[in-house]
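Student:
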């Protein structure tokens with residue numbers, strides 16, 4: 190018995206020209222930055238707090254797999270939604286004032302209550318004096334009256350209403366303090382190691398912080414765990430109490446993103462969490478620490494465009510795809526198909542295609558009997574070396590495992606291969622060999 194290695198791809202010829210890597214599977218088209226569908230609207234957009242300039246911008250560039258990228262954001266993280274691959278990061282694990290980006294965690298708890306049947310969209314919740322008196326951005330809930338949960342969600346996510354957050358928190362947990370304890374417990378379970386909440390709104394408070402990476406984490410979970418409620422983030426305006434307010438996320442208003450949230454405080458500057466899906470790929474972005482809402486909008490649009498334009502999706506193999514025919518030792522059938530155990534996809538920066546090496550390795554011949562799904566060996570993908578490649582974060586708790594791990598510097602990725610069909614019976618020679626106690630060598 191010996192190791193059998195089948196070279197499946199090496200060099201650009203394997204993934205260009207339309208033939209694909211393995212039996213017709215290859216690269217999809219590159220998703221380019223979309224153009225705005227219409228100009229942003231103006232007016233009716235109260236700020237999360239006073240429009241005071243943010244602290245001086247950190248001039249340090251962000252790091253990416255293809256080299257440094259300049260950004261005026263003080264904190265930044267961009268990830269690929271499906272694989273979890275980090276495309277860009279800058280101080281991504283540093284504690285930062287998250288302002289109204291906090292409301293994504295508040296929404297996650299509320300969506301969980303809806304999903305569990307503990308809340309209903311048409312259920313009404315009472316407005317307390319604390320909620321009514323809450324300052325900053327507001328949906329203007331009326332004191333002493335009750336408001337439907339759906340209106341409160343729209344007021345929280347579209348109008349960025351601090352008062353809506355308080356009503357929801359008190360309705361779910363009895364008090365904002367008890368709701369905040371639930372937020373912190375949930376953040377820990379989601380793997381948000383650099384987040385701690387003191388309130389539901391993002392109002393400035395000592396000990397209240399998130400990281401840019403954690404912003405991407407909660408955004409990813411909102412999209413993945415509660416797709417039935419994600420549409421609230423993409424609504425462009427909402428009217429309540431005879432007051433119409435537009436979505437503060439200009440990228441949503443321009444049709445460049447379908448969520449999620451903006452925020453602003455004096456200490457943290459202007460922040461944005463956005464997600465966009467183009468040509469089958471979704472990207473999640475968290476940036477913060479910019480000097481104005483206008484800069485936030487332009488930088489968000491620029492970085493989203495960069496993320497789509499500089500990477501392409503490589504489809505190496507589909508689950509069950511036949512990679513080779515393995516010889517069978519004294520079986521009734523001469524060979525058994527070797528197939529991929531799962532879909533294998535990952536992102537590649539442009540220009541890296543000619544440096545990818547792919548092979549399938551297994552011990553041959555394979556002894557009968559063989560069952561479907563029996564492990565035979567591995568598919569080995571050797572990714573190109575980059576001096577600026579990023580080591581990926583640990584998988585998010587509860588999230589589906591990516592098809593293949595992101596590519597840090599010089600990484601060799603292995604994916605199990607298995608038998609695609611059964612060889613249940615020994616051949617005539619196999620039965621004789623078995624009686625004689627013969628073994629393969």
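In the working numbering, the protein residues as written are 190 to 630.
Here a beta-carbon is modelled for each residue, glycine too, at the ideal position from N, C-alpha and C.
Treat the numbers as computed from the prediction; the structure is a model and nothing was measured.
Taking the alpha-carbon positions, what's the residue 435 to residue 426 distance?
Tutor: Near 4 Å, if we compare the C-alpha coordinates of residue 426 and residue 435.
Student: Below 8 Å between beta carbons: does that hold for residue 562 and residue 263?
Tutor: No, the pair does not count as a contact, with Cβ atoms beyond the cut-off.
Student: Using only alpha-carbon positions, find the residue among 410, 508 and 279 that is nearest to residue 400.
Tutor: Of the candidates 410, 508 and 279, the one whose C-alpha sits nearest the C-alpha of residue 400 is 279.
Student: Report the rounded CA-to-CA distance for residue 558 versus residue 440, giving the unit in angstroms.
Tutor: Their backbone Cα atoms lie some 58 Å apart in a straight line.
Student: My assumption, with CB atoms under 8 Å, is that residue 293 sits in contact with residue 462. Please give the rounded CB distance.
Tutor: Residue 293 to residue 462, Cβ: 7 Å. Contact.
Student: Alpha carbons only, please: which of 328, 383 and 442 is nearest the one belonging to residue 431?
Tutor: Ranking the options by Cα distance to residue 431, first place goes to 328.
Student: Looking at the structure shown, is residue 607 part of a helix, part of a strand, or coil, going by DSSP?
Tutor: It is a strand residue.
Student: Hey, residue 253 and residue 290: beta-carbon distance below 8 Å or not?
Tutor: No; because the gap between Cβ atoms is not below 8 Å, this pair is not in contact.
Student: Quick one: any contact between the stretch 504-524 and the stretch 465-484, if contact means 3 or more CB pairs under 8 Å?
Tutor: Taking 8 Å as the limit for Cβ pairs, the verdict is that the stretch 465-484 does not touch the stretch 504-524.
Student: Find out if the Cβ-Cβ distance for the pair residue 603, residue 565 is shorter than 8 Å.
Tutor: The answer is no: Cβ separation not under 8 Å.
Student: Given a cut-off of 8 Å, decide if residue 326 and residue 350 are closer than it, judged by their beta-carbon atoms.
Tutor: Yes, these two residues count as a Cβ contact at 8 Å.
Student: Could you compute how far the alpha carbon of residue 309 sits from the alpha carbon of residue 363?
Tutor: For residue 309 and residue 363, the distance between alpha carbons rounds to 17 Å.
Student: Quick one: measure Cβ to Cβ for residue 492 and residue 474, integer angstroms, because I've assumed they're closer than 8 Å.
Tutor: Indeed, because the Cβ distance is near 6 Å, the residues count as touching under 8 Å.
Student: May I ask you to list the residues that DSSP assigns as paired with residue 499?
Tutor: BP columns for residue 499 are empty, so no partner.
Student: Go ahead and label residue 332 buried or exposed: buried means 16 or more other beta carbons lie within 10 angstroms of its beta carbon, across all protein chains shown.
Tutor: Exposed, by the Cβ-count rule.
Student: Please classify residue 307 as buried or exposed, where buried requires at least 16 other C-beta atoms within 10 Å of its C-beta.
Tutor: It counts as exposed.
Student: If residue 527 sits next to residue 549, beta carbons under 8 Å apart, how far is it from one beta carbon to the other, in whole angstroms?
Tutor: Confirmed, about 6 Å.
Student: Who are residue 470's beta bridge partners in DSSP?
Tutor: Looking at the DSSP assignment, residue 470 forms a beta bridge with 467.
Student: For the alpha helix (DSSP H) containing residue 430, list its first residue and its last residue.
Tutor: Run containing residue 430: none; DSSP gives neither H nor E here.
Student: Taking the alpha-carbon of residue 265 as reference, which of 251, 273, 255 and 608 has the nearest alpha-carbon?
Tutor: Nearest C-alpha to residue 265: 251.
Student: Quick one: Cα of residue 374 to Cα of residue 267, how far?
Tutor: Using only the alpha carbons, I get a separation of about 25 Å.
Student: Please classify residue 378 as buried or exposed, where buried requires at least 16 other C-beta atoms within 10 Å of its C-beta.
Tutor: Exposed, since its Cβ has fewer than 16 Cβ neighbours within 10 Å.
Student: Do you know whose CA, among 499, 466, 607 and 489, lies nearest residue 551's CA?
Tutor: Nearest C-alpha to residue 551: 607.
Student: Helix, strand or coil for residue 518, going by three-state DSSP, please let me know.
Tutor: Reduced to three states, the DSSP call for residue 518 is strand.
Student: Would you kindly work out how many angstroms separate the C-alpha atoms of residue 371 and residue 314, rounded to a whole number?
Tutor: If you take the alpha carbons of residue 371 and residue 314, they lie about 19 Å apart.
Student: What are the uninterrupted segments assigned as alpha helix (DSSP H) that are 4 or more residues long and contained completely in the stretch 350-435, given in chain order?
Tutor: Segments of the alpha helix (DSSP H) lying fully in the stretch 350-435: 351-362, 365-378 and 401-414.
Student: Determine the direct distance from the alpha carbon of residue 321 to that of residue 295, and round the result to whole angstroms.
Tutor: In a straight line, the C-alpha of residue 295 is about 18 Å away from that of residue 321.
Student: Spatial neighbours of residue 352 within its chain, please: C-beta separation below 8 Å, excluding the five flanking residues on both sides.
Tutor: Only 316, 320, 321, 323, 327, 328, 329, 330 and 344 meet the Cβ criterion.
Student: Sort out for me which residues DSSP pairs residue 532 with in a bridge.
Tutor: None, per the DSSP bridge assignment.
Student: DSSP state of residue 289, grouped into three classes?
Tutor: Note: residue 289 maps to helix in three-state DSSP.
Student: For residue 523 and residue 418, what's the separation of their Cα atoms in angstroms?
Tutor: Roughly 53 Å between the two C-alpha positions.
Student: Given the structure, does residue 451 come close to the ligand COA, in the sense that its CB is under 7 Å from one of the ligand's heavy atoms?
Tutor: In terms of ligand content, the structure shown is empty, and the ligand COA therefore cannot be addressed.
Student: If you reduce the DSSP assignment to three classes, tell me which class residue 317 lands in.
Tutor: Reduced to three states, the DSSP call for residue 317 is coil.
Student: State the Cα-Cα distance for the pair residue 458 and residue 482, rounded to the nearest angstrom.
Tutor: Taking the straight line joining both Cα atoms gives about 9 Å.
Student: Looking only at its own chain, which residues have a Cβ that is under 6 Å from the Cβ of residue 496, when we skip the five neighbours before and after it?
Tutor: Closer than 6 Å at Cβ, skipping near neighbours: 267, 276 and 472.
Student: Express the C-alpha separation of residue 334 and residue 464 in angstroms, rounding to a whole number.
Tutor: If I take the Cα positions, the gap works out to 35 Å.
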